[in-house]
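Position one of the sequence shown corresponds to residue 66 (my numbering), numbered consecutively onward. Down below is the structure, laid out as structure tokens.
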Amino acid sequence: MADDCFGHPRLAAIYDPLDPDRSDLDAYLRMTEELGARQVLDIGCGTGVFALLLADRGVGVVGIDPAQASVDVARAKPGSERVRWICGDATALPPLQVDLATMTANVAQAIADPDTWQKTLRGANETLRPGGHLVFETRDPARRAWEEWTRENSYRVTEIPCVGSVESWVQLIDVSWPLVTFRWTYTFAADGQVLTSDSTLRFREREEVETDLVAHGYKVQDVRDAPDRPGKEFVFLARRS
Numbered sequence: 066m067a068d069d070c071f072g073h074p075r076l077a078a079i080y081d082p083l084d085p086d087r088s089d090l091d092a093y094l095r096m097t098e099e100l101g102a103r104q105v106l107d108i109g110c111g112t113g114v115f116a117l118l119l120a121d122r123g124v125g126v127v128g129i130d131p132a133q134a135s136v137d138v139a140r141a142k143p144g145s146e147r148v149r150w151i152c153g154d155a156t157a158l159p160p161l162q163v164d165l166a167t168m169t170a171n172v173a174q175a176i177a178d179p180d181t182w183q184k185t186l187r188g189a190n191e192t193l194r195p196g197g198h199l200v201f202e203t204r205d206p207a208r209r210a211w212e213e214w215t216r217e218n219s220y221r222v223t224e225i226p227c228v229g230s231v232e233s234w235v236q237l238i239d240v241s242w243p244l245v246t247f248r249w250t251y252t253f254a255a256d257g258q259v260l261t262s263d264s265t266l267r268f269r270e271r272e273e274v275e276t277d278l279v280a281h282g283y284k285v286q287d288v289r290d291a292p293d294r295p296g297k298e299f300v301f302l303a304r305r306s
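Set out below in structure tokens:
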């Protein structure tokens, strides 16, 4: 089940305007070029921002996401016909052969169920050509990012064309280690509707992730810093053995 911020049509439609700065994707674009990848599987593609950036550069892309509303937003964007969109997840992929599989932003941590996580790593591995790579990020638990997830730190009002003013903020709901649950609230000034979206992320230690990768046929080539959040995240670069 996709979180409502991705799966509710009204929230999916405002996801991009509420988070317009996607400079976090620059590192993934550089790695795609560094690895010479010509075919990419974008796992958890959401509204298609990264997939379309790749397509703009002539890369063949398959974008997959469990939230139909987000996939619908992606399909409505200019240039979307250059991407193959799939509503689903990486545990049951159609036959594919790609050079690179990616999970940007919170995608890896949003796969909170341990069994689903293992199946995702296995599914991604099966799509990769020999020597292909999997790249994803996950927050360093030691930095305790959830302590900053408060209304005070996150409250903002965003003016969105054809939608109007939207208030939004996040609040921490529960920490049941290694799971952290938080709630986004959205208030639409146009009609007063209030929508909420609860999300749970799993915080994994670096050693745990490396063990999982090796168990599913990957060699961990590098663990990098996230340029947009230095010292706060691990960016894993793993190669299919």
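Built from N, CA and C at the ideal position, the CB exists for glycine as well.
Given this structure, state the Cα-to-Cα distance separating residue 81 from residue 131, to the nearest angstrom.
Numbered from its first residue, the sequence shown carries residue 81 at position 16. Numbered from its first residue, the sequence shown carries residue 131 at position 66. Cα to Cα, the separation comes out at about 17 Å.
Can you tell me which of 205, 162 and 225 puts its alpha carbon nearest to the alpha carbon of residue 305?
The sequence position of residue 305 within the sequence shown is 240, counting from 1. Minimum Cα distance to residue 305 is reached at 162.
Between residue 117 and residue 262, is the Cβ-Cβ spacing less than 8 Å?
Against the sequence shown, residue 117 aligns to sequence position 52. Against the sequence shown, residue 262 aligns to sequence position 197. Taking 8 Å as the Cβ cut-off, residue 117 and residue 262 do not qualify as a contacting pair.
Below 7 Å CB to CB, which residues in the same chain sit around residue 234 once its five sequence neighbours on both sides are set aside?
Looking up residue 234 in the sequence shown gives position 169. Cβ neighbours of residue 234 within its own chain (closer than 7 Å, five residues either side excluded): 216, 219, 220 and 250.
With distances taken Cα to Cα, identify the nearest neighbour of residue 170 among 109, 120, 190 and 225.
Your numbering for residue 170 matches position 105 in the sequence shown. Relative to the Cα of residue 170, the nearest Cα in the group 109, 120, 190 and 225 belongs to 109.
Going by DSSP, which residues form a beta bridge with residue 134?
As a position in the sequence shown, residue 134 is number 69, starting the count at 1. Its beta-bridge partners do not exist; DSSP assigns none.
Looking only at C-alpha atoms, which of 83, 70, 128 and 73 sits nearest to residue 232?
Residue numbering aside, residue 232 sits at position 167 when the sequence shown is read from its first letter. The shortest Cα separation from residue 232 among 83, 70, 128 and 73 belongs to 83.
Using the Cα positions of residue 239 and residue 245, report the straight-line distance between them to the nearest angstrom.
Mapped onto the sequence shown, residue 239 falls at position 174. Mapped onto the sequence shown, residue 245 falls at position 180. So the alpha carbons of these two residues sit roughly 6 Å apart.
Under three-state DSSP, which class holds residue 301?
Residue 301 sits at position 236 when you count from the first residue of the sequence shown. Here residue 301 sits in strand by DSSP.
Here's the rule I'm using: 16 or more other beta-carbon atoms within 10 Å means buried, otherwise exposed. How should residue 264 be labelled?
Against the sequence shown, residue 264 aligns to sequence position 199. Buried, because 16 or more other Cβ atoms sit within 10 Å of the Cβ of residue 264.
By Cβ distance below 6 Å, which residues in the same chain neighbour residue 252 in space, the five residues on each side in sequence not counted?
Stepping through the sequence shown from its first residue, residue 252 is reached at position 187. 232 and 259.
Candidates 158, 199, 74 and 133: which alpha carbon is nearest residue 277's?
Taking the first residue of the sequence shown as position 1, residue 277 is located at position 212. Comparing Cα positions, the closest option is 199.
As assigned by DSSP and simplified to three states, the class of residue 282:
What you label residue 282 is simply residue 217 of the sequence shown in a count that begins at 1. If DSSP states are grouped into helix, strand and coil, residue 282 belongs with coil.
Does the Cβ of residue 178 have 16 or more other Cβ atoms within 10 Å, making it buried, or fewer, making it exposed?
What you label residue 178 is simply residue 113 of the sequence shown in a count that begins at 1. Result: exposed.
Can you tell me the Cβ-Cβ gap for residue 100 and residue 165, rounded? I've got them flagged as a contact below 8 Å.
Taking the first residue of the sequence shown as 1, we reach residue 100 at position 35. Taking the first residue of the sequence shown as 1, we reach residue 165 at position 100. At roughly 6 Å, the Cβ-Cβ gap stays under 8 Å, so residue 100 and residue 165 are in contact.
So what does residue 150 bridge to, in DSSP terms?
For the purposes of this step, residue 150 is identified with residue 85 of the sequence shown, where counting begins at 1. Paired residues: 128.
List the whole-angstrom C-beta distance separating residue 111 from residue 88, where the pair is believed to meet the contact cut-off of C-beta under 8 Å.
Start at 1 with the first residue of the sequence shown, and residue 111 comes out as number 46. Start at 1 with the first residue of the sequence shown, and residue 88 comes out as number 23. Residue 111 to residue 88, Cβ: 16 Å. No contact.
Is the separation between the beta-carbon of residue 48 and that of residue 205 shorter than 8 Å?
Because residue 48 is not part of the residues shown, which for the chain are 66 to 306, the question remains open.
Since I believe residue 203 is in contact with residue 181 (beta carbons under 8 Å), could you give me their beta-carbon distance rounded to a whole number of angstroms?
Translated into positions along the sequence shown, residue 181 becomes position 116. Translated into positions along the sequence shown, residue 203 becomes position 138. That belief does not hold up - the Cβ atoms of residue 181 and residue 203 are roughly 15 Å apart, past 8 Å.
Between 71, 69, 113 and 124, which lies nearest to residue 95 when the distance is taken from Cα to Cα?
Locating residue 95 in the sequence shown gives position 30, where the first residue counts as 1. Closest option to residue 95, Cα to Cα, is 124.
Rank 296, 98 and 300 by C-alpha distance to the C-alpha of residue 208 and give the top, closest one.
Within the sequence shown, the letter at position 143 stands for residue 208. Nearest of 296, 98 and 300 to residue 208, Cα basis: 296.
Local Cβ density within 10 Å of residue 70, reported as buried at 16 or more and exposed below that
What you label residue 70 is simply residue 5 of the sequence shown in a count that begins at 1. By the neighbour-count rule (16 or more Cβ atoms within 10 Å), residue 70 is buried.
Exposed or buried, what is residue 189 when buried is set at 16 or more other beta-carbons lying within 10 Å of its beta-carbon?
On the sequence shown, residue 189 is found 124 positions in, with the first residue counted as 1. Label assigned to residue 189: buried.
Which word fits residue 114, buried or exposed, when buried means at least 16 other C-beta atoms lie within 10 angstroms of its C-beta?
By one-based count along the sequence shown, residue 114 stands at place 49. Burial call: buried.
Assuming residue 93 is part of the alpha helix (DSSP H), what are its boundary residues?
Taking the first residue of the sequence shown as position 1, residue 93 is located at position 28. Here the alpha helix (DSSP H) through residue 93 covers 91-99.
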